[in-house]
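Step one of this worksheet: look at the structure below.
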Ligand code: CMC
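Numbering (the working numbering), first residue to last: 685 to 1126.
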């Protein structure tokens, strides 16, 4: 009978080893048993960018990149986008099940009662330069929350974890909106807890002189759906950053600040901002072929295209593309959509993109919607960060509760110099800029 095991022969010693296979994986630490001699180090697995390494078992999000499937806790993303709300989805992601009416009312109450921030936060915001990027402000202020809530360091305490989760999900829209108002030189707007999670966020962003801001229901629902689509995506760069920092038992505010920092990068959540810059640079559809040429020669990347997991159309991109047209009914069409559609058409027809299975990802169309809502490009990744907080908090809790997890500490293959004797500075030769010594002379 077939066995769930892998048998390998070490040709250096002729020894055979049996490695157990569990859920389609072998344990990397089992490789340590493979060594030519007892006094030598065991085998390592070398996996730059962790491209084929599972670092945990997780029950939160499921991605089948070949078939373009995404589920949160088993629920298809399409159904959640159609039928759920962000707050309900956040409950599902964090707690594992959809809430009944009673539990949802409690959850909503618990989140909204944590939407206020300490008045000193406004002073931090005021300390940033007028043109500070709001993602930088968010990294700073979310990290600073740890100093307001020193109880958050009790990461092994379930009640403390629950409290910090409510606080973070509750406060993220407030911090994000404050960052926006600061960059515009506008007064901060306090939360209105009678509005929905996203309605309140729009109010904190856009309320000018009204006593009570009334969000447009289509736009409110649009932002809510976008938040659902961005809420969780298993072991991406920012979630991994959160997990890595949290594995040192650091408080969740510091860990989430690290996640936001990772998300800020143009290859991750910063891509939605870059897509708009790209579409503006292209300017007219006749310039698309020339632009694509540069993407194929490696001069630049086609932003909003490609994904480590999806080798098929990202299901979120499909939903966002549809949503864009619904928003344009209210806001008027964003003229860049015509360039985006034609760029997508030409890329999907091009051998380079076909061969590499590069498709639009969720960042390709989302920026067009944010822009139509009147948000500046620098705010796009900030909205991503608000939504992803649910996923980050769920992963944080999962990591803390997982008895197999320890402080994250990968290995390396040392390729530097062997032992050398120190020479005093007076007698030292000029350092040589060797081609292969990039890391020493950056
Ligand atoms: N434009 C042109 N070529 C690309 C692109 C792209 N957007 N993405 C990948 N490639 C090429 C790449 O040059 C390589 O070609 P070759 O095999 O000839 O060297 C091949 O496709 C495989 O690329 P890779 O860099 O090994 O793929 P990866 O899985 O490491 O990178 C990615 C994934 C998302 C970083 C990358 O596709 C990319 O840079 N995309 C543009 C940025 C972007 O849209 N990021 C948002 C990602 S989704 C949301 C999120 O995570 O926040």
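We put the CB at the ideal spot given by N, CA and C, even for glycine.
Does the beta-carbon of residue i, which I'm using as the reference point, lie nearer than 7 Å to any heavy atom of the ligand CMC?
i            : result
residue 979  : yes
residue 991  : yes
residue 1069 : no
residue 987  : yes
residue 995  : no
residue 924  : no
residue 955  : yes
residue 982  : yes
residue 1027 : no
residue 750  : no
residue 1040 : yes
residue 1022 : no
residue 798  : no
residue 1047 : yes
residue 1079 : no
residue 951  : yes
residue 920  : yes
Going by other Cβ atoms of all chains shown within 10 Å of its Cβ, with 16 needed for buried, is residue i buried or exposed?
i            : result
residue 929  : buried
residue 1087 : exposed
residue 919  : buried
residue 1116 : exposed
residue 807  : exposed
residue 998  : buried
residue 848  : buried
residue 1131 : Only positions 685 to 1126 of the chain appear in this structure, which leaves residue 1131 out of reach.
residue 1072 : buried
residue 1018 : buried
residue 1113 : exposed
residue 964  : exposed
residue 935  : buried
residue 1035 : exposed
residue 1109 : exposed
residue 1005 : buried
residue 988  : buried
residue 790  : exposed
residue 685  : exposed
residue 1013 : exposed
residue 805  : buried
residue 1049 : buried
residue 1075 : buried
residue 917  : buried
residue 699  : exposed
For residue i, which residues from the same chain have a beta carbon less than 6 Å from its beta carbon, with the 5 sequence-adjacent residues on both sides left out?
i            : result
residue 702  : 689, 691
residue 737  : 731
residue 1027 : 972
residue 1078 : 744, 777, 778
residue 1041 : 995
residue 1011 : 906, 1053, 1056
residue 799  : 854, 858, 875
Looking only at its own chain, which residues have a Cβ that is under 7 Å from the Cβ of residue i, when we skip the five neighbours before and after it?
i           : result
residue 891 : 873, 897
residue 939 : 926, 929, 930, 1080
residue 942 : 925, 926, 929
residue 864 : 818, 889, 1063
residue 828 : 808
residue 959 : 987, 988, 1047, 1048, 1051
residue 826 : 859, 937, 940, 941, 944
My understanding is that residue i touches residue j, with C-beta atoms under 8 Å, so please give their C-beta distance in whole angstroms.
i            : j            : result
residue 952  : residue 946  : 6 Å
residue 867  : residue 818  : 6 Å
residue 1003 : residue 762  : 7 Å
residue 710  : residue 694  : So it is not a contact: roughly 15 Å between Cβ atoms.
residue 715  : residue 697  : Incorrect: roughly 14 Å between the Cβ atoms, too far for contact.
residue 869  : residue 948  : With 8 Å as the limit, residue 869 and residue 948 do not qualify as a contact, their Cβ atoms being about 23 Å apart.
residue 822  : residue 860  : 6 Å
residue 1067 : residue 1000 : In fact, because the Cβ distance is near 14 Å, the residues do not count as touching under 8 Å.
Which residues in the same chain as residue i place their Cβ atom closer than 8 Å to its Cβ, once the five residues preceding and following it in sequence are excluded?
i           : result
residue 705 : 688, 689, 690
residue 726 : 715, 716, 717, 718, 719
residue 820 : 812, 948
Given 7 Å as the limit, tell me if residue i has its C-beta closer than that to any heavy atom belonging to the ligand MN.
i           : result
residue 859 : Ligands displayed in this structure: the ligand CMC; the ligand MN is not among them.
* Touch test, the region 879-888 against the region 768-782, Cβ-Cβ under 8 Å, three pairs minimum -> yes
* Could you tell me whether the region 836-854 touches the region 1050-1067, where touching means 3 or more Cβ pairs closer than 8 Å? => no
* Taking 8 Å as the threshold, find out whether the region 736-750 comes into contact with the region 993-1006 through three or more Cβ pairs. => yes
* Asked: Counting Cβ pairs, one atom from each stretch, are 3 or more of them under 8 Å apart for the region 789-796 and the region 842-859?
  -> yes
* Touching by the beta-carbon criterion (3+ pairs, under 8 Å), the region 906-914 and the region 823-837 -> no
* Specify whether the region 970-988 and the region 1002-1021 touch according to this definition: at least 3 beta carbon pairs, one from each stretch, less than 8 Å apart. => no
* How about the region 750-761 and the region 1092-1105: do they share at least three Cβ pairs that are nearer than 8 Å? -> no
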